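In my numbering, the protein residues as written are 931 to 1174. Backbone N, C-alpha and C fix where the C-beta goes; we use that ideal spot for every residue, glycine too. Here the structure is a predicted model, which means the values were calculated and not measured.
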C-alpha cells in the first residue's frame, strides 16, 4: 500500500514537472505585416523581390511580378525589414536594396516605379504607403477608388471622368503622391467608368483608362505610370490594383 502511494506521488510530480516545462516553452508568435508589391517601373522586366536581404538567390521557379501587376506578401514586421528587388532578366543588379519599417498587423502598398534602362537602374524609384482600407456598409452600393501619380519625369496630373470637367476628380497630383479613397456608385445599372488622365498644366490628354472590373464594397487604386518628360510625347499607362 505504501509502495503504491509512493508511485502515485512520483507520477503526480512528473506530471506537474512536464506541464511546467511545456508552459515555459510556449513561443510568442511573430507579428506579421501585409505588403502588396506593385510593379510600376516603366520598361522594367518582371520583378523578383526578396524580403530576406541581398543578394537574391535566383532559382528557375522564382515568382515574378510583371509591369502593371502586383503580388501580396505576409512578412514578419519590424523596424528594420530588409528588401531587395531585381529584374528577372538581371538578378545580379539590385533595383532596390534597403530596409523598411513595417508595423505589426498593418497593411502596406510598395510601388516600384521610375524608368529602368537596359543594363542600368539609375532612375529606379519606390513609394511605400501604409494603407487604410475603407469599409462600406452593405446598404451602400459603392466602390472606393484612389489615384496615385507614378509618372516619372512628368509634371502634376489631373483626372476627370470622360465628359466631365477637366480635373473634376483630381485637380493636380504630384509625382509619388496619392489621394484618399473616394466612393463611386456601383449599382446594377453602372457598367464602369472611363477616366481621362491629363497634364495638369497644359491639360494635354495623356491616356485614358476604362474601369469595368470591380467588386461591390471593395477598393481600387488607379496607378498612372510611365515617363512624361514632354506631355506631347509622353509614354503613359494606367492600371488598377485591387485593394482586397
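What did DSSP end up calling residue 871 once you bin it into helix, strand or coil? The chain is shown only over 931 to 1174; residue 871 falls outside these bounds and no answer can be derived.
In or out: residue 1130 buried (at least 16 other Cβ within 10 Å) or exposed? buried
So residue 1041 and residue 1080 are in contact, right, with Cβ under 8 angstroms, and what is the actual spacing, rounded? 6 angstroms
Does the beta-carbon of residue 1014 have 16 or more other beta-carbons within 10 angstroms, so that it is buried, or is it exposed? buried
Member of 1019, 1020, 1036 whose CA lies at the smallest distance from the CA of residue 1009: 1036
Buried/exposed call for residue 1074, threshold 16 Cβ in 10 Å: buried
Three CB pairs or more closer than 8 angstroms across the stretch 1085-1095 and the stretch 1118-1128: yes
Three-state secondary structure (DSSP) at residue 1173? coil
Quick one, which of 1114, 1078, 1095, 1139 has its alpha-carbon nearest residue 1105's? 1078
Could you name the residues of the same chain whose beta carbon sits closer than 7 angstroms to that of residue 995, not counting the 5 residues immediately before and after it, in chain order? 967, 969, 976, 977, 1001
Whole-number beta carbon distance between residue 1102 and residue 1086, since they are thought to touch under 8 angstroms: So it is a contact: roughly 4 angstroms between Cβ atoms.
Every unbroken beta strand (DSSP E) inside the stretch 1069-1152 [3 residues or more]: 1072-1082, 1087-1091, 1100-1103, 1112-1115, 1123-1129, 1135-1141
Cβ distance (whole Å) where residue 1181 is taken to contact residue 1005 below 8 angstroms: Residue numbering for the chain in the displayed model covers 931 to 1174; residue 1181 lies beyond these limits and cannot be assessed.
For the beta strand (DSSP E) holding residue 1015, just list the boundary residues, first then last. 1008-1017
Helix, strand or coil for residue 1063? Go by DSSP, reduced to three states. coil
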